[in-house]
Structure formats: C-alpha cells, structure tokens
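Since the structure comes first, as structure tokens, the remarks are kept for the end.
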Amino acid sequence: MRRSSSSRLARLWARSRRTTSGSVNCHLLHTGTISRLAATVVVVIGIVALGIAMVVPVSSSSDAPSLTSVSAKRDGIALQWSAPSTNLTIVGYAISRSSSGGDNTFQEIVSDTGSTATSYRDRSVSSAEVEKRDSGTLWSYKVKALLESSDGTSSETGWSDKRNLVLPVFPRPGSLSYDIDEDDKELTLTWTAPTLSWSNQALPQTGYAIYRTAYNSWGSADNVVSFVGTTGVNTLTYTEDIPSIDDSPNGYRYEIRATYGIWLSWEQYVVYTGD
-6 MRRSSSSRLA RLWARSRRTT SGSVNCHLLH TGTISRLAAT VVVVIGIVAL GIAMVVPVSS
54 SSDAPSLTSV SAKRDGIALQ WSAPSTNLTI VGYAISRSSS GGDNTFQEIV SDTGSTATSY
114 RDRSVSSAEV EKRDSGTLWS YKVKALLESS DGTSSETGWS DKRNLVLPVF PRPGSLSYDI
174 DEDDKELTLT WTAPTLSWSN QALPQTGYAI YRTAYNSWGS ADNVVSFVGT TGVNTLTYTE
234 DIPSIDDSPN GYRYEIRATY GIWLSWEQYV VYTGD
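Position 195 of the sequence shown, counting from 1, maps to 188 under the numbering used here, and the rest follow consecutively.
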C-alpha cells in the first residue's frame, strides 16, 4: 500500500524532534522527491536555528568631541566642548595644549578629568613665563573623550580639532621713570596708569607687576628676568634697595606691566645704569 506524503512527513517531523537542539535532521532529506510542504518546514527550521545563533554586532565607533569655546578669564583659560556621539560610556576627558599652535607642539596637560563635565578651567597657565601671558599670545587646545564599554574595556576617541585663543591687547602703563635716594640707598619707580576703555571691562585691571633684569645685551640667553613684586591698581610707585652695579656693570632694566588677573600687558621699561 502506498503511504501518503502527509503521513510520511509526520514520521519525519517526529524523528527530527529527537535530534540535538539547534541541528537540522538530515533524515528530512529523502532519496525521492521532497514535497513542497516538507521543504517549507526545513526552511523554517533553518531560519529559526540561524536566528537563535546570530549575534548582531553593535558599532563602537565614536566621534571626537567638538571644542566649541576657548576664552580668557581672570584666573585662567576656560574651555567648553560638546560630548561626542558614542554608544560607550564616557568616563572623562583628556586635554592637550600648545602655546605656538603647531600641530607637533601639543602637550597633554590633563590625562583624565575624571568627570563627564564638558568644561574645564586651565589655571596652570598662571605659572607660564611672562612672554606667554602677555598681549597677543596664542594658546591652542584639543580635547578627547575617554570611554569604557560594558565589559570594562577602555578606549578613547580621537582628538578634537584645535581651537585657538589669541589674548587681547591689554592696555599697558603710559610711562616709567626712576629716582634715586642716595641717603636711603633706594630706587623708586614711578609710572602712569594705562588708558582703559569700555572694551577692557571683560578683564578689568587688577594691578601692576614689576620685573628686573641684569642689562647685559638685553635679549641674550644669559639674561634672566627676575620678578620683583606687585602693586595694587591704584599704586603707581615701587621702591626697593638700589641694586649693585658691581653685579651688573651695564646696569639693570626695569619693566612695569599692568596685570589683568593672571594676564599681563606689554611692558614699559627704563634702564638704571648707576648714574
């Protein structure tokens, strides 16, 4: 008696259920012609098995942050940026800085802010040499995000595009002179205040800084600028002991700079030669 294709399919289906989970029973294939219904069952089972085993990768690519603002404040340089687009967890940021703007001159000043905050105040510039804190100086910054995946793997984005800050031209003192008191052996510097305008009020003047340098071919490598002291914004004189000409036969150069927080104007200077 010829068995119907439907009863044969039922037996094959029962046998396929006894196979190892996730595999397709090879007995579903018959030496004869497979009915359309049986072929459909094989295809469905195969799709289900593939669906169980398939792992869809999640992209871990991350854009760099966008550095949106770099501005001078009284106590440092303020940075603002926007967080990168990423499906990982941001755990902090690294910050790089250059005082010349060249791509090969950047140095990392913060390896990890330890925060997801998208702002930072660089107060370390307060210790930079005089020439890096005066009018017209260029500062450049970059920032990158530090990332962590769900399994604890660390990674990071690339650096943002650099953003430059050129310090404004701060008004400097109008003049500088000195007087000698031979009796008290004192030298007194006297200067006039800078001319300020409404545009200077974002960074108001805070005082004056005085520097002294042994006057040996000013600008040569053997000269060291010595910080002498500061005065308040309303004090236009500074007195110190007369420096020894024996230590500097060519005299001394005195500089006075107006201060705007940590920032400095260009200098006015006068040379004392012992006369």
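For every residue, glycine included, the Cβ atom is placed at its ideal position computed from N, Cα and C.
Nonlocal neighbours in the same chain, by C-beta distance under 8 Å from S78, ignoring five residues either side | S55 and D56
By a C-beta neighbour count over all protein chains shown, 10 Å radius and 16 as the cutoff for buried, is A110 buried or exposed?
-> exposed
Beta-bridge partners of R114, as assigned by DSSP | A71
Straight-line gap, S89 to K155 (C-alpha atoms, nearest Å) = 9 Å
So, using beta-carbon positions, are Y231 and L182 closer together than 8 Å?
-> yes
Compute the Euclidean distance between the alpha carbons of D176 and T98, then round it to the nearest angstrom.
-> 52 Å
Name the two residues that bound the continuous beta strand (DSSP E) containing T270.
-> Shown here, the chain extends from -6 to 268; a query on residue 270 therefore has no answer.
Given L60, which residues of its chain have a CB within under 6 Å of its CB, disregarding the five upstream and five downstream residues?
-> W74, V136, S153 and R156
Endpoints, the beta strand (DSSP E) within which G145 is located | Run containing G145: none; DSSP gives neither H nor E here.
Cα-Cα, which of V159, E122, Q198 and D172 is closest to T130?
-> V159
Which stretch, first to last residue, makes up the beta strand (DSSP E) that contains N157?
-> R156 to V159
Are there 16 or more other CB atoms within 10 angstroms of the CB of A293, so buried, or fewer, so exposed?
-> Since the first residue of the chain shown is -6 and the last is 268, residue 293 is not available in this structure.
Using the C-alpha atoms, what's the distance from D234 back to D173?
-> What sits at residue 173 in the sequence shown is Ile, not Asp. One C-alpha to the other measures close to 10 Å.
Using DSSP bridges, identify the partner residues of L180.
-> I173 and E233
Opening and closing residue of the beta strand (DSSP E) in which E250 lies = Note that residue 250 is Arg in the sequence shown, not Glu. Y245 to Y253 is the extent of the beta strand (DSSP E) around R250.
CA nearest to the CA of L189, picked from E260, A251 and P58 | A251
Excluding the five sequence neighbours on either side, which residues of its own chain have a C-beta within less than 8 Å of the C-beta of S117, listed in chain order?
-> G69 and I102
Helix, strand or coil at S64 [DSSP, three-state] | strand
On the premise that P166 lies in contact with W184, defined as a C-beta separation below 8 Å, what is that separation, rounded to the nearest angstrom?
-> 4 Å
Straight-line Cα distance separating Y262 from A207 | 13 Å
N-terminal and C-terminal residue of the beta strand (DSSP E) that L274 is part of = An answer regarding residue 274 cannot be provided, because it is not within the stretch -6 to 268 covered by the chain.
Per-residue DSSP class, three states only, for V162 | coil
Compute the distance between the beta-carbons of S258 and P187, then report whether it is under 8 Å.
-> yes
Comparing alpha-carbon positions, which option in P161, V63, A202 and D144 lies nearest D115?
-> V63
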